[in-house]
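*Asks:*
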Amino acid sequence: MIVVGLTGGIGSGKTTVAKMFKALDVPVYIADVEAKKLMSKSKIIKRKLIELFGEQAYLDNSLNKPFIASIIFNDKNMLNQMNAIIHPRVARHFEKWTAKQKSEYVIKEVAILFENGSDKLCDYIIAVTAPEATKIERVLERDNTSEEKVKAIMDNQWSDAEKVKLSHFVIENIDLEKTKKQVASVHAQILKKIQKS
């Protein structure tokens with residue numbers, strides 16, 4: 017199965033682009049969503065996160081996201097330790113999911129695809145980009161957060177320029193109609209590459 021990685025910084029509109037691929041009948045795996053499910057369901061992950069962050073990691077049996085976010089975005093070491101617990105399990109979950117798909121290719125949407133080394137497991141990579149001001153504006157509209165917090169997250173992610181350099185396709189997500197056309201074009205190019213190989 018051909019795996020296409022879809023990545024982009026916070027506020028770039030990865031989820032919007034992922035939905036457009038879904039509309040073209042491409043199965044899409046959103047790593048963040050699946051990671052959150054595993055953090056709530058998996059007893060092993062729960063135990064390890066409590067060992068790492070303390071009892072406050074979970075409130076009433078559900079993940080205490082604000083508490084964990086306040087730690088990991090100020091401490092790269094803690095972020096790396098948390099990722100080391102979660103990423104291998106998400107990778108296994110993705111493999112099982114992929115085995116069930118019947119399409120020409122699947123999309124794995126990961127915000128930190130390059131940062132966590134998942135790019136090495138992809139056949140092709142799509143980077144979603146947008147101007148920084150646009151990204152900040154989108155996140156402020158979407159989440160109850162501050163510009164300072166958004167910038168802190170951006171500092172933990174690679175820049176668009178770094179991602180673009182290592183990607184096979186780039187989708188600039190500013191205008192939805194134009195984005196839709198770019199998605200259709202990339203989809204056609206990937207299918208062509210698969211038929212050739």
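Residue numbers (the working numbering): 17 to 213.
For glycine and all other residues, C-beta sits at the position ideal for the given N, C-alpha and C.
By Cβ distance, which residues of its chain are closer than 7 Å to Asn99, with the 5 residues on each side in sequence left out?
*Replies:* If we look at Asn99 and ignore the five residues flanking it on each side, its Cβ neighbours are Asn132.
*Asks:* Would you give the residue range spanned by the alpha helix (DSSP H) that Leu95 belongs to?
*Replies:* Element bounds for Leu95: 92-115.
*Asks:* Just to confirm before moving on: does the CB-CB distance between Asn189 and Val144 stay below 7 Å?
*Replies:* Yes, the pair counts as a contact, with Cβ atoms nearer than the cut-off.
*Asks:* Closer than 8 Å is the cut-off here; do at least three beta carbon pairs connect the segment 21-33 with the segment 102-116?
*Replies:* They do not touch, by the three-pair rule.
*Asks:* Using DSSP with H/G/I as helix, E/B as strand and the rest coil, what is Lys124?
*Replies:* Strand, per DSSP.
*Asks:* At the level of alpha carbons, what is the spacing between Ala39 and Lys196?
*Replies:* Ala39 and Lys196: Cα-Cα distance of roughly 10 Å.
*Asks:* Report the rounded CA-to-CA distance for His203 versus Glu67, giving the unit in angstroms.
*Replies:* Distance between the alpha carbons of His203 and Glu67: 43 Å.
*Asks:* Mark Gln198 as exposed unless 16 or more other C-beta atoms lie within 10 angstroms of its C-beta, in which case mark it buried.
*Replies:* Buried, by the Cβ-count rule.
*Asks:* Going by DSSP, what residue range makes up the beta strand (DSSP E) through Ala143?
*Replies:* Looking at the DSSP string, the run of the beta strand (DSSP E) that includes Ala143 is 140-145.
*Asks:* Looking at the strands, I want to know which residues DSSP matches up with Glu188.
*Replies:* Per DSSP, Thr145.
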